[in-house]
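This report concerns only the one structure given below.
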Amino acid sequence: MEADARAVIALLPWLRGKRVKIRRLKRGLTNRNYRLDCEGGPYVLRMLEANSRPLGIDRQVEYAAFKAAEDAGIGPEVVAFLPRKRTLVTRFVKGRKLSPKVLRDLAVLRRVVASMRCYHACPNGAGTFSGFETVRRYYAQARRRKIAFPRSISQALRFLERIEEEIGVPEHTCHCHNDLLPSNLVDDGRKTCVLDWEYAGTGDLFFDLGNLAANSLFNQEQEKLLLQYYFGKARPADLRRLRLMRLVSDMREAMWGFLQMGISKLDFDYESYACRHVERFLRDSSARSISD
């Protein structure tokens with residue numbers, strides 16, 4: 153694997169002839185990520201796994217999103233883009249990688265929301281995204297690959313249809329990240345930098361809010377704070393929409409996991425990941441009267 157990274161490094165003019173230390177980064181389930189330590193660095197080399205194409209990742213869209221985030225001051229500097237190699241090189245971002253526990257700090261949450269508002273206002277993003285369409289696409293592709301779904305998947309898909317009917321046409325569309333895992337957020341005490349824009353696209357603002365809430369395991373009070381920091385107040389209708397999109401986020405994660413079972417060669421328990429998200433979706437759907 154390091155040989156592949158070396159081959160890409162050889163294509164970067166400013167690194168030729170320099171001594172480059174390569175270290176594989178642990179994070180990344182659709183990319184191989186390497187830290188490059190050298191003069192002028194450090195950098196991060198992101199190489200998309202070839203068998204990840206069914207996930208709908210478009211490197212051109214990702215590059216445009218990275219550049220929009222960089223221009224807005226909330227993303228890493230992009231120093232190279234090699235589309236034929238499905239590769240991006242960015243500057244390494246220093247700071248603390250966030251976690252659900254760290255996000256309990258209200259000052260940190262405020263900085264995260266400030267970065268969200270900043271890129272939601274970006275006029276120059278690319279691509280489109282719908283959580284509902286993504287679930288349907290992943291489900292169809294997983295079925296073609298003969299993935300064994302849990303017996304509860306039909307019920308989960310029916311619940312998702314009811315959520316889509318209730319939400320209707322998005323009220324707020326903008327450039328969204330759509331993969332707001334805490335590990336995709338790096339905070340230096342002054343601002344929060346947003347990483348990994350491979351699922352970015354114009355979509356429902358509330359998917360980003362619900363996605364952050366789901367991935368950060370927010371309780372009800374944290375959900376209200378998120379809305380207060382974003383809009384200035386937590387309106388009941390907005391809270392309802394956030395919680396519905398939080399459910400959609402769980403179904404997207406579940407279907408992502410099921411599809412990965414059929415395409416990924418990484419050593420990761422995608423089945424447990426997917427089933428855990430389906431179970432949480434069903435539990436929370438019932439608790440929030442989606443099944444009525």
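Numbering (the working numbering), first residue to last: 153 to 444. Quick reminder that beta carbons are idealized off the backbone N, C-alpha and C, glycines included.
Identity of the residues DSSP links to residue i by a beta bridge
| i | result |
| --- | --- |
| T239 | M199, L234 |
| T280 | T354 |
| L332 | Paired residues: none, contrary to the question. |
| K249 | V338 |
| L188 | I174, Y195 |
Given residue i as reference, the closest of the options once Cα atoms are compared
| i | options | result |
| --- | --- | --- |
| A389 | P322, C427, L333 | P322 |
| A266 | P302, T344, F433 | T344 |
| L255 | L337, Q380, A157, W349 | L337 |
| T280 | L258, T325, E373, K170 | T325 |
| L418 | D156, K178, A155, D436 | K178 |
| G353 | Q380, F311, C274, P235 | C274 |
| G225 | L411, D339, L361, Q412 | D339 |
| E285 | G355, D331, Q372 | G355 |
| L364 | V400, E317, R342, L207 | V400 |
| E375 | L261, L347, S437 | L261 |
Which of helix, strand or coil DSSP assigns to residue i
| i | result |
| --- | --- |
| Y351 | coil |
| L163 | coil |
| R387 | coil |
| T286 | helix |
| K376 | helix |
| D340 | coil |
| D356 | strand |
| C345 | strand |
| N183 | strand |
| D444 | Note that D444 has pLDDT 40, beneath the 50 cutoff, so the model's placement of it is unreliable and the number below is only indicative. In the structure shown, D444 sits in coil (DSSP, three-state: anything other than H, G, I, E or B). |
| E229 | coil |
| I415 | helix |
| D436 | helix |
| I302 | One point to set straight first is that residue 302 is Pro, not Ile, in the sequence displayed. In this structure, P302 counts as coil in the three-state DSSP scheme. |
| R369 | A small correction: the amino acid at residue 369 is Leu; Arg does not occupy that position in the sequence shown. The answer is coil: DSSP assigns L369 none of H, G, I, E or B. |
| R297 | coil |
| R168 | coil |
| F410 | helix |
Range of the contiguous beta strand (DSSP E) that encloses residue i
| i | result |
| --- | --- |
| K173 | 173 to 176 |
| T325 | 325 to 328 |
Residue i: first and last residue of the uninterrupted alpha helix (DSSP H) it sits in
| i | result |
| --- | --- |
| R262 | 258 to 272 |
| I310 | Residue 310 is actually Arg in this sequence, not Ile. R310 -> alpha helix (DSSP H) spans 305 to 319. |
| R211 | 211 to 224 |
Any contact between the stretch 286 to 296 and the stretch 353 to 368? By contact I mean 3 or more CB pairs, one from each, below 8 Å. no
When the Cβ atoms of the stretch 422 to 429 are set against those of the stretch 307 to 316, are three or more pairs found closer than 8 Å? no
Taking 8 Å as the cut-off, does the stretch 231 to 242 touch the stretch 211 to 220 (at least 3 CB pairs, one atom from each stretch)? yes
Three or more C-beta pairs below 8 Å linking the stretch 244 to 251 and the stretch 201 to 213: no
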